[in-house]
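Enquirer:
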Amino acid sequence: MATNYILVKLDPEVLKEVDARCGGPAKPFQSGGRADFVRELIYKEVGFAPKNKPKYKNRGRGINLPLHLIDMQDLQPLENLLVSLALRGNNFAQITRYCRDNKIVPLPGSQRWHSQQVERILNQVIARNYSKTSD
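Right, here's the structure in full:
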């Protein structure tokens with residue numbers, strides 16, 4: 000059976016050097032880190048250009064975050080609303096439009112809602128929930 004991935008064990012000295020060059024392993028729910036660094040090295044060595052991921056691959060098709068794993072009981076009302084809208088299949092722009100249309104007060108220091116704010120709040124909720132489960 001063929002696979003599309005390789006599992007590589009590295010010596011601690013090599014791993015220490017890889018971490019020094021790439022910043023260490025990626026944080027939860029973020030790309031980059033060791034795997035991307037090693038992937039890029041392999042693609043360059045073989046002679047292929049690394050496949051760049053499109054910046055907005057989920058545009059118009061919902062949000063690709065593990066929101067179904069969040070404990071909804073510990074959320075603030077705004078967080079609860081944003082997570083609920085995302086779970087219904089809305090993307091960041093649609094949630095932003097909902098907040099603007101329904102006159103939900105924007106975050107402090109902002110005149111109006113932006114999709115980056117929605118994304119940041121959802122990522123903070125996931126990170127907070129992740130840290131609770133990993134303790």
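Residue numbering for the sequence shown follows numbering that gives the first Met the number 0, beginning at 0 and increasing consecutively. Even glycine gets a Cβ: it sits at the ideal position worked out from N, Cα and C. Quick caveat: nothing in here was measured; it's all calculated off a predicted structure.
Taking 9 Å as the threshold (C-beta atoms), are Val7 and Val45 in contact?
Expert: For the purposes of this step, residue 45 is identified with residue 46 of the sequence shown, where counting begins at 1. For the purposes of this step, residue 7 is identified with residue 8 of the sequence shown, where counting begins at 1. Not in contact: Val45 and Val7 (Cβ atoms no closer than 9 Å).
Enquirer: For Glu78, which residues of its own chain have a beta-carbon under 7 Å away from its beta-carbon, when the five flanking residues on both sides are left out?
Expert: Within the sequence shown, the letter at position 79 stands for residue 78. Excluding positions up to five away in sequence, the list reads Ile120 and Val124.
Enquirer: What first and last residue would you give for the alpha helix (DSSP H) that runs through Phe36?
Expert: By 1-based counting over the sequence shown, the position of residue 36 is 37. Counting along the chain, the alpha helix (DSSP H) containing Phe36 begins and ends at Gly32 to Val45.
Enquirer: By alpha-carbon positions, which one of Gln93, Lys102 and Ala126 ends up nearest to Gln115?
Expert: Taking the first residue of the sequence shown as 1, we reach residue 115 at position 116. When each option's Cα is compared against that of Gln115, the closest is Gln93.
Enquirer: Kindly list the residues whose CB is nearer than 8 Å to the CB of Arg99, restricted to its own chain and excluding five residues on each side of it in sequence; keep chain order.
Expert: In the sequence shown, counting from the first residue as 1, residue 99 sits at position 100. Correct list, in chain order: Arg111 and Trp112.
Enquirer: Provide the residue span of the alpha helix (DSSP H) that contains Asp18, from first to last.
Expert: Reading the sequence shown from its first residue, position 19 is the one you call residue 18. It spans Pro11 to Cys21 - the alpha helix (DSSP H) in which Asp18 sits, taken as one unbroken run.
Enquirer: Grouping DSSP H, G and I as helix and E and B as strand, with all else coil, what is Asp120?
Expert: In the sequence shown, the residue the question calls residue 120 occupies position 121. Correcting the residue type first, residue 120 is Ile in the shown sequence and not Asp. It is helical.
Enquirer: What's the gap between the Cα of Leu106 and the Cα of Leu74?
Expert: For this step, residue 106 is matched to residue 107 along the sequence shown. For this step, residue 74 is matched to residue 75 along the sequence shown. Between Leu106 and Leu74, the C-alpha separation is close to 16 Å.
Enquirer: Could you tell me whether the Cβ atoms of Lys103 and Val82 are closer together than 9 Å?
Expert: As a working note, residue 103 is residue 104 in the sequence shown. As a working note, residue 82 is residue 83 in the sequence shown. At residue 103 the sequence reads Ile, which differs from the Lys that was named. Not closer than 9 Å, so no.
Enquirer: Could you compute how far the alpha carbon of Tyr21 sits from the alpha carbon of Glu118?
Expert: The residue you call residue 21 lines up with position 22 of the sequence shown. The residue you call residue 118 lines up with position 119 of the sequence shown. At residue 21 the sequence reads Cys, which differs from the Tyr that was named. Distance between the alpha carbons of Cys21 and Glu118: 25 Å.
Enquirer: The alpha helix (DSSP H) spanning Arg99 covers which residue range?
Expert: Taking the sequence shown and counting its residues from 1, one reaches residue 99 at position 100. Note, Arg99: alpha helix (DSSP H), Phe91 to Asp100.
Enquirer: For Phe91, does the count of other Cβ atoms within 10 angstroms reach 16, so buried, or fall short, so exposed?
Expert: By 1-based counting over the sequence shown, the position of residue 91 is 92. Buried, by the Cβ-count rule.
Enquirer: Could you tell me how far apart the beta carbons of Leu66 and Leu86 are, in whole angstroms, since I believe they sit closer than 8 Å?
Expert: Along the sequence shown, read from residue 1 onward, the residue named residue 66 stands at position 67. Along the sequence shown, read from residue 1 onward, the residue named residue 86 stands at position 87. Sure, about 5 Å apart at Cβ, within 8 Å.
Enquirer: Measure the Cβ-Cβ separation of Asn122 and Leu40 and say whether it is below 9 Å.
Expert: Counting from 1 along the sequence shown, the entry for residue 122 is found at position 123. Counting from 1 along the sequence shown, the entry for residue 40 is found at position 41. Not closer than 9 Å, so no.
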